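Chains as they are written, first to last, in the UniProt record's numbering: chain V, 1 to 478; chain X, 1 to 478.
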């Protein structure tokens, strides 16, 4: 029994909870983090009473799959589910309650309130895990409250949008925001034959890249026919019959639908209202065991700030791998096991048309915002031996201190072999490498997969040579 | 002037060397290591007299490209050259002498003898770099001395073999050896429509992999129609008109050509005869600056033993990246600059039909041969999100101490995205990671490129769980 002695629940027992003698773990949210947490808890404690409250009608799917479902690369919405609800209910004996929206948390009485089928319900817990995910940021723009305005943040959103696409009713579409979700959506909608305009208030796409690297992505997006308007805001949206008229930078644009991809904020309001500590972004603060500041309340997934190894402090970086891992840790510990999540380095990759666009650590922009002294070194190499068919350029930017300490990397190139080239740099950041250590790396080589000096090595050599010239003439470490 | 004071050369000056007042660097071998060395030396010292003696008729090409030239993926032999001879001669002012086979080294007199155009010549040096490469191992089998028996170790070999292929004269071929070169050749010859038999004396293909991992490769090779005979020796070869009759395991096989891919040994004989220290494999021993035991004699490339970080001692691992890097270090230091080669971890990758086959560090077999206590943990994951088109299995084996210290990895899977997955493990070995550190790695995720738990992470989790169960019940580090 993971939780030790079973306390009697200090509140009236409601609707079918009578007589339960086992410990109860309640998980708020049935996404990747929540179902990872519930499953991990089940592995630790076969007798635990595990309830998952999911606000939507689907559980255990990754949001990252939605663009590919919309593009038609994934045929059915069910294909996106890790497992169907019956698997969790029957095989893992998890009481998965769908369309159950949590409204209130009382950490003193150890109860949680939720709305389901139009009724308010209350449930006691011994341990609680909040995995409520993220909430789309909705800019204060008139007219956004329209059924043809989509935030692709739930499977329901995606199903609605896809039904319109399948019916051929989205000839023209406006995407608001040119971050990675906005560009994934631009690609998906282009693949469906829609004419896509993307507006981005900032002067560059992909604000999590440095501008010179983002420029490579912008060129690809435009090359593929997307009307990308940077430094431009959506000012107003209005219905016009079956269409929407958007005012963008003073111009009018008539579209069939609008996709909002203006970022997410942590869905921490219920926990925060109950007193859970958050960071400036509103993300729940947790320790390595994913404990919040509230007793017996854990949190995981997109609603928490995770330890960023390069920053040396918590950061809100809502991505899939950490959601799964933090969920697993929270579930393991909440059920009485031992686990820890030691942090991220900020690795992310996205496919934008033919390009893999990857980053890890910090961008130069981010280092400057942190007040760190840093420089960037850029190199362009090839994805394969120069003579092997299908070779294409790979651009690598390394961010490092003037003394050579590695702080981050960005990488852009075409083809399946490019994306995973960010991973050795992620490990190097975890290990605290200097660029000189990276120069000495024994990376794989074969003509179909890499040139003899991988682009990552070329960038490290360039960064190291700059440092070496500064410190020691004629020095060339290999 | 990198070499400091110019000594007068202590021997009679020969054929056009008269009156040279500059320091002279002689490089033996014009392959990847040799041309890297000469080019690096030129960068350090613009005034250095640099002579490269290449035994063959081509310089500055990688051997790794030969299978793709034979397969017809690379049209012309010239495409394999990093640069043409004129580039080195004119742009880099390197005196590149082709068809110049070195026969003798006199380290006391600082002279080297070589044969060219049927004449014996002698050349003095201030510094010498030996990059003589590898020599194909020729098993003592009767009949191998036939023009239809090829060792694909030079561009000349490959050009001869390709002319026969282009003429449609190789309907059936025997490859001797199922190491990575043998299997690359099997793929190339299959692509040209030849019926290929591969014989391997050992009980498994790819002896640099553990048998269970090699079995995945064997299955792929057979699936693609290659007649792979393991535990079988070529016993004898005999001419029969225009064909060769091979006796294999007591059977007769009639073929149009034989390709020997039975490994290489270091081409260290001239240097060793002059007293240079070698390891048991005959590879030249060098320090971090690539100095041999002989004064003013450096060595680099496939003829040296390099420091193996995991073994903690020199090892003979003749591969392209180290050849290029050690060449560059040798040239830099020989010309008076500072550089060091700090070692390898044993990373290699090869394409075998649809599979990328990669390794780094040590195999379990190799750890046992070293007397190390080690175990292997296997996991099979997916190359992409399960719902994304083109997902395929990726098998990862981690080799680690019973306490969790990472010692090596092997990886097999289909597609361009698989090969580079060995690189994060190579960095982890360089950094001295435990499997627990690897579990905590922040590796990239996006549905087109990886599942949320990359196969590398799955293997690390499995290895770590085995360790954790042994040491601490209910523990699960993430």
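The beta-carbon is built from N, C-alpha and C at its ideal position, and this holds for glycine as well.
Predicted model only: the values in this text are computed from it and were never measured.
Separation of residue j from residue i, as counted between CA atoms
i                      : j                      : result
residue 320 of chain V : residue 328 of chain V : 12 Å
residue 371 of chain X : residue 266 of chain X : 25 Å
residue 172 of chain V : residue 459 of chain X : 45 Å
residue 301 of chain X : residue 133 of chain X : 6 Å
residue 153 of chain V : residue 180 of chain X : 47 Å
residue 444 of chain X : residue 375 of chain X : 27 Å
residue 51 of chain X  : residue 421 of chain V : 38 Å
residue 34 of chain X  : residue 441 of chain V : 21 Å
residue 326 of chain X : residue 419 of chain V : 28 Å
residue 466 of chain V : residue 437 of chain V : 15 Å
residue 428 of chain X : residue 427 of chain V : 6 Å
residue 69 of chain X  : residue 127 of chain X : 35 Å
residue 206 of chain X : residue 195 of chain X : 20 Å
residue 387 of chain V : residue 140 of chain V : 53 Å
residue 379 of chain V : residue 394 of chain X : 30 Å
residue 401 of chain X : residue 278 of chain V : 41 Å
residue 177 of chain V : residue 209 of chain V : 14 Å
Any C-beta of chain V under 9 Å from that of residue i
i                      : result
residue 351 of chain X : yes
residue 87 of chain X  : no
residue 324 of chain X : yes
residue 342 of chain X : yes
residue 319 of chain X : yes
residue 454 of chain X : yes
residue 303 of chain X : no
residue 360 of chain X : yes
Nearest residue (CA-CA) to residue i, options the options
i                      : options                    : result
residue 361 of chain X : X:377, X:371, X:105, X:344 : X:344
residue 170 of chain X : X:191, X:403, X:153, X:182 : X:191
residue 25 of chain V  : V:70, V:96, V:466          : V:96
residue 273 of chain X : X:144, X:435, X:112        : X:112
residue 415 of chain V : V:296, V:324, V:390        : V:390
residue 188 of chain V : V:241, V:226, V:276, V:234 : V:226
residue 338 of chain X : X:39, X:44, X:27           : X:44
CB contact below 9 Å: residue i versus chain X
i                      : result
residue 243 of chain V : no
residue 430 of chain V : yes
residue 46 of chain V  : no
residue 388 of chain V : yes
residue 346 of chain V : yes
residue 433 of chain V : yes
residue 458 of chain V : no
residue 421 of chain V : yes
residue 443 of chain V : yes
residue 4 of chain V   : Since pLDDT at residue 4 of chain V reaches only 39, below the 50 mark, its modelled position is unreliable, and no value is offered.
residue 416 of chain V : yes
residue 448 of chain V : yes
residue 424 of chain V : yes
residue 438 of chain V : yes
Coarse secondary structure for residue i, derived from DSSP in three states
i                      : result
residue 90 of chain V  : helix
residue 367 of chain V : helix
residue 75 of chain V  : coil
residue 166 of chain V : helix
residue 254 of chain V : strand
residue 233 of chain X : coil
residue 361 of chain X : strand
residue 239 of chain X : strand
residue 227 of chain X : strand
residue 61 of chain V  : strand
residue 34 of chain V  : helix
residue 283 of chain V : coil
residue 331 of chain V : helix
residue 97 of chain X  : strand
residue 49 of chain V  : strand
residue 104 of chain V : strand
residue 456 of chain X : helix
* **alpha helix (DSSP H) runs contained entirely in the segment 179-220 of chain X, provided each spans 4 or more residues** => 180-191
Margin query: Threshold first: 4 residues or longer. Then list the alpha helix (DSSP H) segments lying entirely within the segment 391-444 of chain X, N to C.
Written below: 416-419, 423-431, 435-439
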